[in-house]
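Shown next, in structure tokens, is the structure this report addresses.
Numbering (my numbering), first residue to last: 66 to 191.
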């Protein structure tokens, strides 16, 4: 009887110490929206891990992708007419991690003739 009680207590302790498992609906999900007049190819978003998105025609959005951690901006690169464009954050100092939910990085390129090839990002909580 005593052994059964000890075994039962040990079982409760082990079950109580299990790490919380996130469901498929929990986490930070980010999609890309193309707000320019150009088609985006080879889209890569890099925060704590790299994610690749399908090509996006003007005015369309990608599917959401789950990130383990994300911020209101990220390292992003893509191609327009085989020319590389990018957004390079300096750091994330002072930035708060995004809470679980769905978010959109709206990306725009105003002028493809510019040598800077800079992306403009507008952050949106969905």
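Ideal Cβ placement from N, Cα and C applies to all residues, glycine included.
Owing to the predicted nature of the structure, the values given are computational and were not obtained by experimental measurement.
At least 8 angstroms separates the beta-carbon of residue 120 from that of residue 139. Beta-bridge analysis with DSSP links residue 187 to 171. Judged by DSSP in its simplified three-state form, residue 107 adopts strand. From the listed residues 124, 92, 133 and 102, the smallest Cα separation to residue 111 is found for 133. In terms of Cβ geometry, residue 92 and residue 131 form a close pair [threshold 8 angstroms].
Annotation: the continuous beta strand (DSSP E) that includes residue 99 extends over 93-99. With contacts defined by Cβ atoms closer than 8 angstroms, residue 127 and residue 174 do not form a contacting pair. Given a length threshold of 3 residues, each whole run of the beta strand (DSSP E) inside the segment 141-168 is given here in chain order: 148-152.
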